[in-house]
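Novice: Below: one structure in structure tokens.
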Amino acid sequence: MAVLDFAMNNSLPMQAVPPDWPGGYWWHWLFFTVVLIVFILTMVLGVIYIERRLLGRMQSRLGPNRTGPFGLLQAVADAVKVLLKENIVPSAADRVVHWLAPVVAFAPVLILMAVVPFQDGALLADLNIGVLYVVAISSVTTVGVFMAGWGSSNKYSLLGAMRTVAAVVSYEIPLVLSIIGVVLLAGSLSLNSIVLAQDIPFILLQPLGFFLFFTAGCAEINRSPFDLMEADSELVAGFHTEYSGMKFAMFYLVEYAEAIAMAAIITTLFLGGWRGPLLPPWLWFILKVVIVFFVMVWTRTTLPRVRIDQLMALAWKFLFPLALINLFVTAIQVLAWPDALPWIMVVINFAIMGVLVLAWSRFFKLGWGRVKV
Amino acid sequence: MTFSTEPFVLNFGPLHPSTHGVFRIKATLDGEVVLDIEPVFGYLHRGIEKLMEERTYTGGIPLTDRLDYVNSMTNNFAYCLAVEKLGGIKVPERAEYIRVIIAELQRIGNHCLAVGAMLNDAGALGTPFFYLWRQREKIYDLLEMLCGQRLMNNYVRIGGVSQDIPAEFLPAVMKFVPQLRSFLDEYDFFLMQNEILLARAKGVGILPPEVAINCGISGPVARASGIKRDLRRDDPYSIYQRFEFEIPTCEEGDCYARYRVRIAEMLQSLHIIVQAAQSMPPGATKADVPHLIRPPAGEAYGHIEGPKGELGFYVVSDNSIAPYRCHVRATSFINLSALRQMVRGWKVADLIIIFGSIDITMGEVDR
Chain A
3 MAVLDFAMNN SLPMQAVPPD WPGGYWWHWL FFTVVLIVFI LTMVLGVIYI
53 ERRLLGRMQS RLGPNRTGPF GLLQAVADAV KVLLKENIVP SAADRVVHWL
103 APVVAFAPVL ILMAVVPFQD GALLADLNIG VLYVVAISSV TTVGVFMAGW
153 GSSNKYSLLG AMRTVAAVVS YEIPLVLSII GVVLLAGSLS LNSIVLAQDI
203 PFILLQPLGF FLFFTAGCAE INRSPFDLME ADSELVAGFH TEYSGMKFAM
253 FYLVEYAEAI AMAAIITTLF LGGWRGPLLP PWLWFILKVV IVFFVMVWTR
303 TTLPRVRIDQ LMALAWKFLF PLALINLFVT AIQVLAWPDA LPWIMVVINF
353 AIMGVLVLAW SRFFKLGWGR VKV
Chain B
7 MTFSTEPFVL NFGPLHPSTH GVFRIKATLD GEVVLDIEPV FGYLHRGIEK
57 LMEERTYTGG IPLTDRLDYV NSMTNNFAYC LAVEKLGGIK VPERAEYIRV
107 IIAELQRIGN HCLAVGAMLN DAGALGTPFF YLWRQREKIY DLLEMLCGQR
157 LMNNYVRIGG VSQDIPAEFL PAVMKFVPQL RSFLDEYDFF LMQNEILLAR
207 AKGVGILPPE VAINCGISGP VARASGIKRD LRRDDPYSIY QRFEFEIPTC
257 EEGDCYARYR VRIAEMLQSL HIIVQAAQSM PPGATKADVP HLIRPPAGEA
307 YGHIEGPKGE LGFYVVSDNS IAPYRCHVRA TSFINLSALR QMVRGWKVAD
357 LIIIFGSIDI TMGEVDR
């Protein structure tokens, strides 16, 4: 059993278990796995309902209100319907890739939540490289999406998948650069320590970082106005055009699970995670996740979709330089005035953000993009 | 290292969320760039022009409803105008005023749909569309008040309209006008400042005026390219010379200009409606015309400024109870002819928004 002993003594989750946890490592592992799966699935049902009702409200219509009280069971009814549907695989499809794609897309979203603390120490694995883990895992979903687009052997799917890959590769960079500001302030890569370091939520100390992370995050998970991979007015349903039945349900699940995971990470990094007065910490956490999700729905109803070249231009010409400047400014602040009063820093940082965003948007133009043919 | 690439053909439609019916675009793409397109239509062909030869003159009116089903009243109007010209029938004053009001209401309804659908194609996910749709519902309520029908109204008759307006119609119109005016101001204010909309629509899909003239394009699409042509002023039919209104034009000829022209036209239509409603005379609403009219042998062309452009009906009579030939100058069909020149070199997303900005109804294209 030398191998097992070695693994248990040296693997990171082992060290992450709180010492007073009853039952030790395996109980912890089992408990949080179940909690995470239940959390993701119930939250998905919840946010689908919230999103559809909000969309209805904001578009001056009612939204689902027939299934159960206030239409609360609409998501359940949809799920049952979609699971009972026939599973159709196109005859020209690459069957293995077509089958694997939903799984490859969904798994990373689930394991992404492993490092997000629900309250102090309440997480599956308190990795000391948590932020790096988040960044690495969150882009694996794209592989699943690309597999779906390629395996369907449909041109709409392929176009959607190509757009996704292009967008994610570009937006990864401002996303990571805007996290580094937070890491500098917290002095740790562990998400739990980052929350503990937030006596003032980092959204106040890092307003520009939050703005960049939120924008890049929306693009990363393909929420509107960056929902180019399934642009319904152009590409019908984008990468999942050829999916039906349970596999389609998986992609639908991925879409919302990704949004929840991104909202959870934004909450943890910028909004103080589970910290808050009066209410229990886990409730604060869920509340903040729902608020971030609300903002995502809000932008979705408000803004038209950008074009693919404009999407690229926004990443490379707007977000990327601003993220670099933000990192530079934060590094100077941390290095030069480590003991400065936080509230003064809040004012200074908001001023810097205002000046930078205004100055940049004066010179930044979304391209016109006519090609000579 | 260079990769060899080759263009590929992508079929948009006939069943596609933004083809506004059953239209098919065979697009040759180089990645995201549109190299060439080939429009394919005819999926909605019902042979309406031939069917009209089989029916009496009055019996042809319901068929015109089915042409541009967004503007049924306007089609009735244009057809009746042509037949009246053929038979030399004089229309009573009051009927002319009613016709002007309904034609302008239909114009507003059409532009609501056109602007909303264009923004939907731009990916605004329904929000601007639903707000305009709500206003269009109110117009349908008004039309329902007139003839009991919302779509396929079949209200205008040869020599007038089928029945007089109910007493509550004009007050309802006068209540609707200021409400829509303030709504449009607010709506325009939000969309004019939307950075993404400007980036998506400004400078995209430019239609040069000379191309527009060569292709025979009319209506808001032509006016957005700087061609100041409007039949209501250039060849006044009905009683349009009695009203004051402006003809909004834009010089740019891009998608954004088409959007701006449509919004401005809605405001001008409201202006005309108010003038017509205030000066409506009492009297008969239908000339004394038999059900089976036999116009003298000959031919006539009646055209009006429809919401989408010049809508004309060419009717030939052989002195029988049915037209010998009836041809429709379908605005949507002719406006579609410049699509290829407008979209070449733009991206896939632009193809959709440019197509949406032309504002076509497949019922009229295929007939």
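Those protein sequence lines, which keep their order, are chains A and B. Each residue of the first sequence is one higher than the one before, starting from 3 at the first, in my numbering. Each residue of the second sequence is one higher than the one before, starting from 7 at the first, in my numbering. All C-beta atoms, glycine included, are put in the ideal place defined by N, C-alpha and C.
Using the C-alpha atoms, what's the distance from residue 102(B) back to residue 156(B)?
Specialist: Mapped onto the second sequence, residue 156(B) falls at position 150. Mapped onto the second sequence, residue 102(B) falls at position 96. Cα to Cα, the separation comes out at about 21 Å.
Novice: For the candidate residues 255(A), 313(A), 210(A), whose alpha-carbon lies nearest to that of residue 356(A)?
Specialist: Reading the first sequence from its first residue, position 354 is the one you call residue 356(A). Here the closest residue by C-alpha is 210(A).
Novice: Relative to the C-alpha of residue 51(B), which residue among 59(B), 72(B), 63(B), 34(B) is closest?
Specialist: Against the second sequence, residue 51(B) aligns to sequence position 45. Comparing Cα-Cα distances from residue 51(B) to each of 59(B), 72(B), 63(B), 34(B), the minimum goes to 72(B).
Novice: Is residue 312(A) close to chain B, meaning its C-beta is less than 8 Å from at least one C-beta of that chain?
Specialist: Taking the first sequence and counting its residues from 1, one reaches residue 312(A) at position 310. Yes - at least one Cβ of chain B is within 8 Å of the one on residue 312(A).
Novice: Buried or exposed for residue 14(A), please, with buried defined as at least 16 other CB atoms from any protein chain shown within 10 angstroms of its CB.
Specialist: Counting from 1 along the first sequence, the entry for residue 14(A) is found at position 12. Unreliable positioning characterises residue 14(A) in this predicted model, as indicated by a pLDDT of 43, which lies under 50. The coordinate reading is nonetheless provided below. By the 10 Å Cβ count, residue 14(A) comes out exposed.
Novice: Can the beta-carbon of residue 187(B) be found closer than 8 Å to that of residue 227(B)?
Specialist: As a first step, residue 187(B) must be located in the second sequence, where it is residue number 181. As a first step, residue 227(B) must be located in the second sequence, where it is residue number 221. No; because the gap between Cβ atoms is not below 8 Å, this pair is not in contact.
Novice: Taking only beta-carbon positions, decide if residue 305(A) is within less than 8 Å of chain B.
Specialist: Looking up residue 305(A) in the first sequence gives position 303. Interface residue, yes.
Novice: Please list the terminal residues of the continuous beta strand (DSSP E) segment that includes residue 332(B).
Specialist: Counting from 1 along the second sequence, the entry for residue 332(B) is found at position 326. 331 to 335 is the extent of the beta strand (DSSP E) around residue 332(B).
Novice: Use the C-beta contact count for residue 19(B): other C-beta atoms within 10 angstroms, 16 or more gives buried, fewer gives exposed.
Specialist: For this step, residue 19(B) is matched to residue 13 along the second sequence. With 16 or more Cβ atoms within 10 Å of its Cβ, residue 19(B) is classed as buried.
Novice: Establish whether the CB of residue 61(A) and some CB of chain B are separated by less than 8 Å.
Specialist: Taking the first sequence and counting its residues from 1, the one referred to as residue 61(A) is at position 59. Yes - at least one Cβ of chain B is within 8 Å of the one on residue 61(A).
Novice: Going along chain B, which residues have a C-beta under 7 Å from residue 302(A)?
Specialist: Taking the first residue of the first sequence as 1, we reach residue 302(A) at position 300. Within 7 Å Cβ-Cβ: 131.
Novice: Under 8 Å, Cβ to Cβ, is there at least one residue of chain A near residue 258(B)?
Specialist: Your numbering for residue 258(B) matches position 252 in the second sequence. Not one chain A Cβ lies under 8 Å of residue 258(B).
Novice: Taking only beta-carbon positions, decide if residue 227(A) is within less than 8 Å of chain B.
Specialist: Translated into the one-based positions of the first sequence, residue 227(A) becomes position 225. Chain B, which has a Cβ nearer than 8 Å to the Cβ of residue 227(A), makes this yes.
Novice: Please state whether DSSP places residue 172(B) in a helix, a strand or coil.
Specialist: Walking along the second sequence from the start, residue 172(B) turns up at place 166. Residue 172(B) falls in the coil class under three-state DSSP.
Novice: By how many angstroms is the C-alpha of residue 183(A) removed from the C-alpha of residue 5(A)?
Specialist: Within the first sequence, the letter at position 3 stands for residue 5(A). Within the first sequence, the letter at position 181 stands for residue 183(A). Only weak support is given to the placement of residue 5(A): the predicted model assigns it a pLDDT of 44, under 50, and the value that follows is read from those uncertain coordinates. In a straight line, the C-alpha of residue 5(A) is about 39 Å away from that of residue 183(A).
Novice: Determine the direct distance from the alpha carbon of residue 133(B) to that of residue 180(A), and round the result to whole angstroms.
Specialist: As a first step, residue 180(A) must be located in the first sequence, where it is residue number 178. As a first step, residue 133(B) must be located in the second sequence, where it is residue number 127. When rounded, the distance between both Cα atoms is 31 Å.
Novice: Please work out which residues of its chain come closer than 7 Å, Cβ to Cβ, to residue 272(B), disregarding the five sequence neighbours upstream and downstream, and give them in chain order.
Specialist: As a working note, residue 272(B) is residue 266 in the second sequence. If we look at residue 272(B) and ignore the five residues flanking it on each side, its Cβ neighbours are 114, 117, 190.
Novice: Is there a Cβ from chain A that is less than 8 Å from the Cβ of residue 360(B)?
Specialist: For the purposes of this step, residue 360(B) is taken as the residue at position 354 of the second sequence. Not one chain A Cβ lies under 8 Å of residue 360(B).
Novice: Nearest CA to the CA of residue 109(B): which residue from 140(B), 93(B), 148(B)?
Specialist: In the second sequence, counting from the first residue as 1, residue 109(B) sits at position 103. The option with the nearest alpha carbon to residue 109(B) is 148(B).
Novice: Kindly list, in the order they appear in chain B, the residues whose Cβ is closer than 8 Å to that of residue 147(A).
Specialist: Here residue 147(A) refers to the residue found at position 145 of the first sequence. Near residue 147(A) there are no residues of chain B at all, since even the closest Cβ is about 17 Å away, more than 8 Å.
Novice: Out of curiosity, what's the CA-to-CA distance linking residue 312(A) and residue 38(B)?
Specialist: The residue labelled residue 312(A) in the question sits at position 310 within the first sequence. The residue labelled residue 38(B) in the question sits at position 32 within the second sequence. So the two alpha carbons sit approximately 13 Å from each other.
Novice: Which residues in the same chain have their Cβ closer than 8 Å to the Cβ of residue 385(B), if we skip the five residues on either side of it in sequence?
Specialist: One cannot answer for residue 385(B) here, as it falls past the ends of chain B, which runs 7 to 373.
Novice: Hey, residue 231(B) and residue 215(B) are a contact pair by Cβ (cut 8 Å); roughly how many whole angstroms apart?
Specialist: Residue numbering aside, residue 231(B) sits at position 225 when the second sequence is read from its first letter. Residue numbering aside, residue 215(B) sits at position 209 when the second sequence is read from its first letter. So it is a contact: roughly 5 Å between Cβ atoms.
Novice: What did DSSP end up calling residue 376(A) once you bin it into helix, strand or coil?
Specialist: Residue 376(A) lies beyond the residue range present for chain A, which begins at 3 and ends at 375; the question has no answer from this structure.
Novice: Compare the C-beta of residue 202(B) against all C-beta atoms of chain A and say whether one is closer than 8 Å.
Specialist: Translated into the one-based positions of the second sequence, residue 202(B) becomes position 196. Chain A, which has a Cβ nearer than 8 Å to the Cβ of residue 202(B), makes this yes.
Novice: For residue 33(B), list the residues DSSP reports as bridge partners.
Specialist: On the second sequence, residue 33(B) is found 27 positions in, with the first residue counted as 1. BP columns for residue 33(B) point to 16(B), 43(B).
Novice: Should residue 215(A) and residue 177(A) be called a contact, given that it needs their Cβ atoms to be closer than 8 Å?
Specialist: By one-based count along the first sequence, residue 215(A) stands at place 213. By one-based count along the first sequence, residue 177(A) stands at place 175. Yes, these two residues count as a Cβ contact at 8 Å.
Novice: With distance defined between alpha-carbon atoms, name the residue in 249(B), 11(B), 106(B) nearest to residue 312(B).
Specialist: Here residue 312(B) is taken as the residue at index 306 of the second sequence, counted from 1. The shortest Cα separation from residue 312(B) among 249(B), 11(B), 106(B) belongs to 106(B).
Novice: Can you tell me the Cα-Cα spacing of residue 295(A) and residue 107(A), whole angstroms?
Specialist: Position 293 of the first sequence, counted from the first residue, corresponds to residue 295(A). Position 105 of the first sequence, counted from the first residue, corresponds to residue 107(A). Rounded to the nearest angstrom, the two C-alpha atoms are 20 Å apart.
Novice: Which residues in chain B sit within 7 Å of residue 170(A), going by Cβ to Cβ distance?
Specialist: Position 168 of the first sequence holds residue 170(A). In chain order: nothing, as chain B lies at least about 16 Å away.
Novice: Which first and last residues belong to the beta strand (DSSP E) in which residue 306(B) is found?
Specialist: In the second sequence, residue 306(B) corresponds to position 300, counting from 1. Unbroken beta strand (DSSP E) run through residue 306(B): 304 to 312.
Novice: Which of the three DSSP states is assigned to residue 320(B) in this structure?
Specialist: Working through the second sequence from its first residue, we reach residue 320(B) at position 314. Strand, per DSSP.
Novice: Using a Cβ-Cβ distance cut-off of 8 Å, determine whether residue 38(B) contacts chain A.
Specialist: Against the second sequence, residue 38(B) aligns to sequence position 32. For residue 38(B), the answer is yes, since a Cβ of chain A falls inside 8 Å of its Cβ.
Novice: Any beta-carbon of chain A closer than 8 Å to the one on residue 136(B)?
Specialist: Counting from one through the second sequence, the residue named residue 136(B) turns up at place 130. Interface residue, yes.
Novice: Could you confirm whether any beta carbon from chain B is found closer than 8 Å to the beta carbon of residue 6(A)?
Specialist: Here residue 6(A) refers to the residue found at position 4 when the first sequence is read from its first residue. Note that residue 6(A) scores 44 on pLDDT, short of 50, meaning its location in the model is unreliable and no value can be drawn from it.
Novice: By alpha-carbon positions, which one of 332(A), 147(A), 83(A) ends up nearest to residue 110(A)?
Specialist: Taking the first residue of the first sequence as 1, we reach residue 110(A) at position 108. Checked all of 332(A), 147(A), 83(A); the closest Cα to residue 110(A) is 147(A).
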